[in-house]
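Right, one structure below, let's go through it.
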Amino acid sequence: MFTAMGGLPVVAIGPYKLANSVLLAPMAGITDLPFRHLAWRLGAGLVYGEMTVARPDLWHTRKSIERRTLDRRIQPAAVQIAGAEPKWLADAAQRHADDGAQIIDINMGCPAKKVCDKAAGSALLRDEGLVRSILEAVVKAVDVPVTLKIRTGWCPNTKNAVTIARIAEASGVSALTVHGRTRACRFKGCAEYQTVSEVVTSVAIPVIVNGDIGDVDKAKSVVERTGAAGVMIGRSALGAPWLPGQIARGLAGAVPRELDFAERILIMREHLDAMHRFYGVERGVKIARKHMQWYLQGLQLDAQRIRLFNRLDNPELQQRFLGELNPTLDKAA
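The UniProt record's numbering applies: residue 1 is where the sequence shown begins, and numbers increase by one.
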């Protein structure tokens with residue numbers, strides 16, 4: 001699977017040849033514009049925006065508007081839509097394309113109860129006919145590539161990822177990401193990759209593997225085991241937006257290098273400033289807390305120091321806190 005020069009072959013999604021084969025997963029509440037720009041700048045081959053719902057009555061809410069905001073510096077611009085009505089999804093895809101989205105992903109992998117209760121996300125895997133209707137409608141509605149993200153099935157006894165993959169390919173989907181768990185497993189236990197391997201051999205479109213990939217060695221192992229065209233990094237990137245780029249460089253043959261304390265602080269301060277500017281002072285300060293907590297945990301700060309940061313209520317104090325962290329007194333990971 002790896003080329004003679006090291007690394008994976010170039011992944012192409014429609015007309016777009018990605019910079020590398022390591023993608024950042026769409027994660028609601030995480031991969032907003034500040035986070036994905038940072039991950040892209042630090043070397044991710046493709047970054048997906050947060051899931052946006054296709055329901056027309058929710059299209060103009062503040063959350064939806066923020067989630068579909070694109071950064072023109074990021075190319076290609078990739079978004080994700082979710083829903084269970086083919087027409088709503090087709091219309092949402094068209095709106096995104098009109099706004100400048102260059103790749104449209106359809107969410108059929110989210111295990112969240114509030115999503116599945118509306119028969120969307122991974123709940124769709126139980127209705128293969130509806131899956132086909134949705135994919136055909138969305139592909140027909142837009143002139144940009146459509147991708148699909150799924151799980152291996154609804155539950156361990158009904159793993160139908162191969163069937164879904166074949167439906168996707170026949171419907172005109174350009175690439176497929178498979179998370180190595182069923183919906184019933186949610187994020188428990190370990191991802192399994194045998195089903196992903198079976199999907200890879202069943203279709204000709206690029207298949208990206210997702211689930212429990214947090215370093216270069218694991219990425220290499222999973223790619224070799226599955227034959228996947230690339231890897232998608234999700235929860236492992238929390239507090240580590242450099243991780244997709246780091247894994248990409250490792251897959252290309254570079255010796256992995258951990259960021260030192262000073263480098264991490266610079267990235268944290270850049271991210272913090274971007275959130276303050278994107279969301280405004282009041283909301284930016286609040287939204288920044290969860291991201292900074294993940295970073296600070298990565299620096300092995302104790303819980304008391306993290307709680308102190310979470311009580312800070314203005315941008316200047318948050319920036320000062322980061323600027324005063326000391327690599328001697330505050331142990332780096």
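Backbone N, C-alpha and C define an ideal beta-carbon position, used for all residues, glycine too. On a predicted model such as this, the values are computed, not experimentally measured, just so you know.
Requested in this report: Would you list, in sequence order, the uninterrupted beta strand (DSSP E) runs of no fewer than 3 residues that lie entirely inside the segment 121-197?
Outcome: 146-151 and 175-179
**Report entry** Leu46 versus Ala78: straight-line alpha-carbon distance, rounded
**Finding:** By 1-based counting over the sequence shown, the position of residue 46 is 46. By 1-based counting over the sequence shown, the position of residue 78 is 78. Whole-angstrom Cα-Cα distance: 8 Å.
Query raised in the report: For Gln94, which of helix, strand or coil comes out of DSSP?
Result: Within the sequence shown, residue 94 is the residue found at index 94, counting from 1. Note: Gln94 maps to helix in three-state DSSP.
Query raised in the report: If you drop the 5 nearest sequence neighbours on each side, which residues of the same chain put their C-beta closer than 6 Å to that of Thr226?
Result: Residue numbering aside, residue 226 sits at position 226 when the sequence shown is read from its first letter. By the criterion of a C-beta distance shorter than 6 Å, Thr226 is surrounded in its chain by Tyr193, Val196, Ser197, Val200 and Val209, once the five residues flanking it on both sides are discounted.
Report task. Return the chain-ordered list of same chain residues with a C-beta closer than 6 Å to the C-beta of Tyr295, the five sequence neighbours on each side being excluded. Result -> Translated into the one-based positions of the sequence shown, residue 295 becomes position 295. Only Gly239 and Met268 meet the Cβ criterion.
Requested in this report: In the DSSP assignment, find the unbroken beta strand (DSSP E) run with Ala82 in it and report its ends.
Outcome: Indexing the sequence shown from 1 puts residue 82 at position 82. Taken as a continuous stretch (DSSP letters only), the beta strand (DSSP E) holding Ala82 covers Ala78 to Ala82.
Query raised in the report: What number of angstroms, rounded off, separates the C-alpha of Thr177 from the C-alpha of Arg307?
Result: Translated into positions along the sequence shown, residue 177 becomes position 177. Translated into positions along the sequence shown, residue 307 becomes position 307. So the alpha carbons of these two residues sit roughly 37 Å apart.
Query raised in the report: Beta-carbon separation of Ile13 and Ala175 under 8 Å?
Result: Within the sequence shown, numbered from 1, the residue matching residue 13 stands at position 13. Within the sequence shown, numbered from 1, the residue matching residue 175 stands at position 175. Contact: yes.
Query raised in the report: I think Val203 touches Ala165, with their Cβ atoms under 8 Å apart; what is that distance to the nearest whole Å?
Result: Residue mapping note: residue 203 aligns to position 203 of the sequence shown, counting from 1. Residue mapping note: residue 165 aligns to position 165 of the sequence shown, counting from 1. Confirmed, about 5 Å.
Report task. Determine the DSSP secondary structure at Leu296, reduced to helix, strand or coil. Result -> The residue given as residue 296 occupies position 296 in the sequence shown. Helix.
Query raised in the report: Are Leu172 and Val207 close, meaning C-beta to C-beta below 8 Å?
Result: Residue mapping note: residue 172 aligns to position 172 of the sequence shown, counting from 1. Residue mapping note: residue 207 aligns to position 207 of the sequence shown, counting from 1. In the sequence as presented, Leu is not what sits at residue 172; that position holds Gly. Contact: no.
Query raised in the report: Which of helix, strand or coil does DSSP assign to Pro327?
Result: Along the sequence shown, one-based indexing puts residue 327 at 327. Coil at Pro327, not helix or strand.
Query raised in the report: By Cβ distance, which residues of its chain are closer than 6 Å to Asn20, with the 5 residues on each side in sequence left out?
Result: If you number the sequence shown from 1, residue 20 lands on position 20. Closer than 6 Å at Cβ, skipping near neighbours: Gly45 and Ala248.
Query raised in the report: Fully enclosed by the segment 225-291, which alpha helix (DSSP H) runs are 4 residues long or longer?
Result: 243-251 and 261-279
Query raised in the report: Assuming Pro26 contacts Gly49 under a Cβ cut-off of 8 Å, what Cβ separation, rounded to an integer in Å, is found between them?
Result: Taking the first residue of the sequence shown as position 1, residue 26 is located at position 26. Taking the first residue of the sequence shown as position 1, residue 49 is located at position 49. The Cβ separation is near 6 Å, so the contact holds.
Report task. Output the boundary residues of the beta strand (DSSP E) element that contains Asn107. Result -> Counting from 1 along the sequence shown, the entry for residue 107 is found at position 107. Start and end: Ile103 to Met108.
Query raised in the report: Just reading off the beta strand (DSSP E) that Ile208 is part of, what are its end residues?
Result: The residue labelled residue 208 in the question sits at position 208 within the sequence shown. Element bounds for Ile208: Val207 to Asn210.
Query raised in the report: In the structure shown, what three-state DSSP assignment does Leu322 receive?
Result: Along the sequence shown, read from residue 1 onward, the residue named residue 322 stands at position 322. Helix, per DSSP.
Query raised in the report: Would you report the Cα separation of Asn160 and Pro244, rounded to the nearest angstrom?
Result: To locate residue 160, count along the sequence shown from 1; it is residue 160. To locate residue 244, count along the sequence shown from 1; it is residue 244. Rounded to whole angstroms, Asn160 to Pro244 spans 28 Å at the Cα level.
**Report entry** Beta-carbon proximity check, Ala219 vs Leu259, cutoff 8 Å
**Finding:** For the purposes of this step, residue 219 is taken as the residue at position 219 of the sequence shown. For the purposes of this step, residue 259 is taken as the residue at position 259 of the sequence shown. Not closer than 8 Å, so no.
Query raised in the report: Run through DSSP, which three-state label would Val47 get?
Result: Residue 47 sits at position 47 when you count from the first residue of the sequence shown. Strand, per DSSP.
Query raised in the report: Helix, strand or coil for Ile65 per DSSP?
Result: Here residue 65 is taken as the residue at index 65 of the sequence shown, counted from 1. Looking at Ile65 - three-state DSSP - the assignment turns out to be helix.
Query - Cα-Cα separation, Asp212 to Ala191 - result: Position 212 of the sequence shown, counted from the start, is the residue given in the question as residue 212. Position 191 of the sequence shown, counted from the start, is the residue given in the question as residue 191. For Asp212 and Ala191, the distance between alpha carbons rounds to 6 Å.
Query raised in the report: Taking the Cβ atom as the reference point for each residue, do Thr158 and Gly180 lie within a distance shorter than 8 Å?
Result: Here the question's residue 158 lines up with position 158 in the sequence shown. Here the question's residue 180 lines up with position 180 in the sequence shown. Against a cut-off of 8 Å, the Cβ pair of Gly180 and Thr158 comes out as no contact.
Requested in this report: Between the Cα of Ser122 and those of Asn107, Gln318 and Ile265, spot the shortest distance and give me the residue it belongs to.
Outcome: Numbered from 1 along the sequence shown, position 122 holds the residue referred to as residue 122. Ranking Asn107, Gln318 and Ile265 by Cα distance to Ser122 puts Asn107 first.
Query raised in the report: Out of curiosity, what's the CA-to-CA distance linking Lys113 and His96?
Result: The residue labelled residue 113 in the question sits at position 113 within the sequence shown. The residue labelled residue 96 in the question sits at position 96 within the sequence shown. Confidence in Lys113 is poor, its pLDDT being 47 and thus under 50, which makes the residue's placement too unreliable to answer from.
Query - Given 8 Å, three or more beta-carbon pairs between the segment 82-89 and the segment 48-65 - result: At 8 Å Cβ cutoff, the stretches touch.
Query raised in the report: When you compare each of Ala303, Ala39, Ile103 and Glu136 to Ile233 by their alpha carbons, which one comes out closest?
Result: Position 233 of the sequence shown, counted from the first residue, corresponds to residue 233. Ranking the options by Cα distance to Ile233, first place goes to Ala39.
Report task. Sort Gln319, Arg257, Val10 and Gly230 by Cα distance to Trp242 and report the nearest one. Result -> Here residue 242 is taken as the residue at index 242 of the sequence shown, counted from 1. Measuring from the Cα of Trp242, the nearest candidate turns out to be Arg257.
Query raised in the report: Thinking C-alpha only, which one of Val255, Gln293, Gln319 and Gln304 is nearest His276?
Result: Taking the first residue of the sequence shown as 1, we reach residue 276 at position 276. Taking the Cα of His276 as reference, the smallest distance to any Cα among Val255, Gln293, Gln319 and Gln304 is reached at Gln319.
Query raised in the report: Taking the Cβ atom as the reference point for each residue, do Gly284 and Pro315 lie within a distance shorter than 8 Å?
Result: Taking the first residue of the sequence shown as position 1, residue 284 is located at position 284. Taking the first residue of the sequence shown as position 1, residue 315 is located at position 315. Taking 8 Å as the Cβ cut-off, Gly284 and Pro315 qualify as a contacting pair.
Query raised in the report: Taking the C-alpha atoms as reference points, what is the distance between Asn326 and Ile150?
Result: Position 326 of the sequence shown, counted from the first residue, corresponds to residue 326. Position 150 of the sequence shown, counted from the first residue, corresponds to residue 150. Whole-angstrom Cα-Cα distance: 43 Å.
Query raised in the report: Are the beta-carbon atoms of Trp154 and Leu135 separated by less than 8 Å?
Result: For the purposes of this step, residue 154 is taken as the residue at position 154 of the sequence shown. For the purposes of this step, residue 135 is taken as the residue at position 135 of the sequence shown. Not a contact, by the Cβ cut-off of 8 Å.
Query raised in the report: What distance in whole Å lies between the Cβ atoms of His37 and Asp71, which are believed to be in contact at a cut-off of 8 Å?
Result: By 1-based counting over the sequence shown, the position of residue 71 is 71. By 1-based counting over the sequence shown, the position of residue 37 is 37. 5 Å between Cβ atoms; contact.
**Report entry** Simplified DSSP assignment, three categories, for Asp117
**Finding:** One-based indexing of the sequence shown puts residue 117 at position 117. Model confidence at Asp117 stands at a pLDDT of 41, short of 50, so the residue's coordinates are unreliable; what they give is reported in the following sentence. Three-state result, Asp117: coil.
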